[in-house]
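Written below as C-alpha cells is the structure these notes are about.
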Amino acid sequence: MKRILITGAAGFLGSHLCDRFIKEGFKVIGMDNLITGDLKNIEHLFKSEDFEFYNHDVTKFVHVPGKLDYILHFASPASPIDYLKIPIQTLKVGSLGTHNLLGLAKEKNARILIASTSEVYGDPLVHPQTEDYYGNVNTIGPRGVYDEAKRFQESITMAYHTYHGVETRIVRIFNTYGPRMRLNDGRVVPAFIGQALRGEDLTIFGDGLQTRSFCYVDDQVEGIYRLLFSDYIYPVNIGNPDEITIKDFAEEIIKLTGTEQKVIYKDLPVNDPLQRQPDISRAKEVLGWEPVVDRAEGMKKTLEYFKGFSQEELQKSEHRDFLNN
Ligand code: UDP
Numbered sequence: 286m287k288r289i290l291i292t293g294a295a296g297f298l299g300s301h302l303c304d305r306f307i308k309e310g311f312k313v314i315g316m317d318n319l320i321t322g323d324l325k326n327i328e329h330l331f332k333s334e335d336f337e338f339y340n341h342d343v344t345k346f347v348h349v350p351g352k353l354d355y356i357l358h359f360a361s362p363a364s365p366i367d368y369l370k371i372p373i374q375t376l377k378v379g380s381l382g383t384h385n386l387l388g389l390a391k392e393k394n395a396r397i398l399i400a401s402t403s404e405v406y407g408d409p410l411v412h413p414q415t416e417d418y419y420g421n422v423n424t425i426g427p428r429g430v431y432d433e434a435k436r437f438q439e440s441i442t443m444a445y446h447t448y449h450g451v452e453t454r455i456v457r458i459f460n461t462y463g464p465r466m467r468l469n470d471g472r473v474v475p476a477f478i479g480q481a482l483r484g485e486d487l488t489i490f491g492d493g494l495q496t497r498s499f500c501y502v503d504d505q506v507e508g509i510y511r512l513l514f515s516d517y518i519y520p521v522n523i524g525n526p527d528e529i530t531i532k533d534f535a536e537e538i539i540k541l542t543g544t545e546q547k548v549i550y551k552d553l554p555v556n557d558p559l560q561r562q563p564d565i566s567r568a569k570e571v572l573g574w575e576p577v578v579d580r581a582e583g584m585k586k587t588l589e590y591f592k593g594f595s596q597e598e599l600q601k602s603e604h605r606d607f608l609n610n
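Here this note's numbering runs 285 ahead of the position in the sequence shown, where the first position is 1.
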C-alpha cells in the first residue's frame, strides 16, 4: 500500500484530502498542530486502520518512520484574520515548514505537492489570473505574511526540484468552500452563513463590488488529486472561474437561507483584492480538469453542514472582523 503524509490534516482542505486518499486505498498519515485545525474534522478516520495522526508542528524537524510515497503540504492558516492573529506562525509554516517537508521528501524519495494560493497574485492587475502573471503583492501589508511565505514556498519547492531532483507539484488554490470550514474563521462563506443563521445582518466590507470566484471543495480535491498524479511540475491554478461580486453573493445567501436580515457595510480591509478569478486553461489542458459543482448546489450542501450546529454553538462563534477579532 502507498503511504501519504498530509500536513494540515485537521483543517478544512486537509481533512477532505485525508478522506479522499483513504477512499482511494492509501495509508494516510495526518499531521497537524491544531492551531487552526480541529480534530472533529477527522475524528471519523480514527477508527480506520489506514489512518494515523501525529500532533506535530511542521516548523520543527519532521520525522516519519517507515517509507513515504507522497507528501501533501497543506498546513497553514488560510484566513486574513488568522494572519493578523498569528503572523509569525503563518510565515514559519510556509517557509521553515516547507523546507522541512522538502527535506523529508528528499530523504524518503517521495513526491511532494505543496498548497500555494491565488494570494501569490496579490491585488491582481491582470484579470483573470493566469499562472504566468507574477502578481502585485504588498510585502509589508497585513496579507504579506501569508502571500510572501507562499511565494517563498514556491521558490524553495522549485529549487529542491532543480537542485535535488525532488519530484514536486505546486497547486495555486483559489477561494474554496464547503463543509468543515471554520464557522468563525472570518472568511466570507462561513461569515455570511453564520450571520444569517444567528439572525444578524450580513457585513459587507467596502462597497461589495470586489469579486471572488468560489470553488466547491470536492472539485478542489479532484483537481489536487489529478495534479499529484500528473507529471506537471509548474504551478497550476485550481478554482472555479464563476465570478461574483460580494454584494451579489450576500443577496444569494439571504435568499438561500430565507433570513429576514439585510446587509450592512463596513470598512474594506487593507489590501483586500478587488478582483479574483482563475484562468483554468492550464488545468483543463494538463489535467483534463474543470469544476462540475455550481454555486447553488455547493452552497446548499454547505448550508446543510452549518445547520448542523446548535444555536448555542452558533452564538459562541460570533462573527470576527478586522476591528473585533
Ligand atoms: N468579506 C465581507 N464580509 C465578511 C467577510 C469577508 O464582505 O464578513 C469580503 C472580504 O472583504 C473579501 C471577500 O469577502 O473581499 C472574501 O473574503 P475572504 O476572507 O473569504 O477571502 P479572501 O479575501 O482571502 O479572498
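Here a beta-carbon is modelled for each residue, glycine too, at the ideal position from N, C-alpha and C.
Review point. Taking 8 angstroms as the cut-off, is the CB of P464 close to at least one heavy atom of ligand 1?
Key: Result no, Cβ not under 8 angstroms from ligand 1.
Point to revise | Nearest-angstrom beta carbon gap, Q560 and A481 [assumed within contact, 8 angstroms] | key: Going by Cβ atoms, the distance from A481 to Q560 rounds to 25 angstroms, so no, they are not a contact pair.
Review point. Under three-state DSSP, which class holds V430?
Key: V430 falls in the helix class under three-state DSSP.
Point to revise | Span of the alpha helix (DSSP H) around Y368 | key: Following the DSSP letters along the chain, one finds Y368 inside the alpha helix (DSSP H) bounded by residues P365 to K370.
Review point. Using the C-alpha atoms, what's the distance from L553 back to R252?
Key: In the structure as shown, the chain begins at 286 and stops at 610. Residue 252 is therefore absent and cannot be evaluated.
Check your understanding: Is V313 helix, strand or coil when you go by DSSP?
Key -> Residue state, collapsed to three classes: strand.
Exercise for review: Excluding the 5 residues preceding and the 5 following V451 in the sequence, name in chain order all residues of the same chain whose CB lies nearer than 7 angstroms to its CB.
Suggested key: These residues qualify, in order along the chain: L387, A390, K391, I397 and Y445.
Review point. Excluding sequence positions up to five away, which residues of its chain have a Cβ less than 8 angstroms from the Cβ of N610?
Key: Only weak support is given to the placement of N610: the predicted model assigns it a pLDDT of 43, under 50, and the value that follows is read from those uncertain coordinates. These residues qualify, in order along the chain: I366, L369, K370 and G471.
Check your understanding: How far does the beta strand (DSSP E) with T496 in it reach, from first residue to last?
Key -> Taken as a continuous stretch (DSSP letters only), the beta strand (DSSP E) holding T496 covers T496 to S498.
Practice item. Measure the C-alpha to C-alpha separation of A395 and Y355 and round it to an integer number of angstroms. Key: A395 and Y355: Cα-Cα distance of roughly 5 angstroms.
Review point. So, using beta-carbon positions, are F477 and K551 closer together than 9 angstroms?
Key: Taking C-beta atoms as the reference points, F477 and K551 fail to come closer than 9 angstroms.
**Study point:** Proximity test, R561 beta-carbon vs ligand 1 heavy atom, cut-off 8 angstroms
**Key:** Yes, ligand 1 has a heavy atom inside 8 angstroms of this Cβ.
Practice item. Within 10 angstroms of the Cβ of P350, are there 16 or more other Cβ atoms? Answer buried if so, exposed if not. Key: Flag for P350 reads exposed.
Practice item. Tell me, to the nearest whole angstrom, how far the beta carbon of P563 is from that of Q414; I am working on the premise that it is less than 8 angstroms. Key: So it is a contact: roughly 6 angstroms between Cβ atoms.
Review point. Does DSSP put E452 in a helix, in a strand, or in coil?
Key: DSSP places E452 in coil when its eight states are reduced to three.
Check your understanding: Name the DSSP beta bridge partners of N522, please?
Key -> In the DSSP output, where bridge partners are listed per residue, N522 has R457.
Check your understanding: From this set, D527, Q495 and F459, which residue's C-alpha is nearest V578's C-alpha?
Key -> Of the listed residues, the one whose Cα sits closest to V578 is D527.
Review point. G351 by DSSP, collapsed to three states: which one?
Key: Coil at G351, not helix or strand.
Exercise for review: Could you tell me which residues DSSP pairs with G407 in its beta bridges?
Suggested key: DSSP lists N421 as partners of G407.
**Study point:** Nearest candidate by alpha-carbon position, reference H358, set L541, I373, N385 and E337
**Key:** Of the listed residues, the one whose Cα sits closest to H358 is N385.
Practice item. Please determine, among D335, K287 and N340, the residue with the shortest C-alpha to C-alpha distance to A294. Key: Answer by Cα proximity: N340.
Point to revise | CB-CB length for Q438 against G379, believed under 8 angstroms | key: The Cβ separation is near 5 angstroms, so the contact holds.
**Study point:** Sheet register partners of I397 (DSSP bridge)
**Key:** I397 is bridged to I356 and T453.
Point to revise | For I529, the three-state DSSP class (helix, strand or coil) | key: Three-state result, I529: strand.
**Study point:** Any non-hydrogen atom of ligand 1 closer than 8 angstroms to K592 Cβ
**Key:** A distance criterion of 8 angstroms places the beta-carbon of K592 beyond contact range of ligand 1, judged by its closest non-hydrogen atom.
Review point. For Y517, which beta-bridge partners are listed by DSSP?
Key: In DSSP, Y517 forms no bridge with anything.
Check your understanding: Cα separation between D557 and P362?
Key -> Spanning the two alpha carbons is a distance of roughly 17 angstroms.
Check your understanding: Would you report the Cα separation of N326 and R465, rounded to the nearest angstrom?
Key -> Straight-line Cα distance between these residues: approximately 7 angstroms.
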